[in-house]
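**Student:**
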Amino acid sequence: MSVVEKRSVTIRGHRTSYSLEKPFYDDLVAIAAARKLTLAALVAEVDETRPRETNLSSALRLHVLEWAKRGASLD
1 MSVVEKRSVT
11 IRGHRTSYSL
21 EKPFYDDLVA
31 IAAARKLTLA
41 ALVAEVDETR
51 PRETNLSSAL
61 RLHVLEWAKR
71 GASLD
């Protein structure tokens, strides 16, 4: 089982944090690379599109899951 790690990011000039298990973080980094985005840009994109009642960490996990369901071969 993977330990949850807290990470910080600046989104539109605002410092925030999210907590992810290493496998989710690794996949998020891979998604950003595949899309030729910085990790911060990808996190900002997910943050902009998430429902306000969903916390950022959960939205990031769901983004990774949706990417995996569509097929990671999209990179």
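In this text, residue positions in the sequence shown follow full-length UniProt numbering: the first is 1, and each later residue adds one. C-beta: ideal position from N, C-alpha, C; glycine also. Given the structure is predicted, the values throughout are model-derived calculations rather than measurements.
List the DSSP bridge partners of His14.
**Tutor:** Ile11.
**Student:** Which of helix, strand or coil does DSSP assign to Leu37?
**Tutor:** DSSP places Leu37 in coil when its eight states are reduced to three.
**Student:** With DSSP as the reference, identify every bridge partner of Val4, one or two as the case may be.
**Tutor:** Val4 is bridged to Glu21.
**Student:** CB-CB under 6 Å to Val43, same chain, minus the five flanking residues each way: which ones, in chain order?
**Tutor:** The answer, listed in chain order, is Val9.
**Student:** Have a look at His14 and Ala33 and give me their C-alpha separation to the nearest angstrom.
**Tutor:** Near 23 Å, if we compare the C-alpha coordinates of Ala33 and His14.
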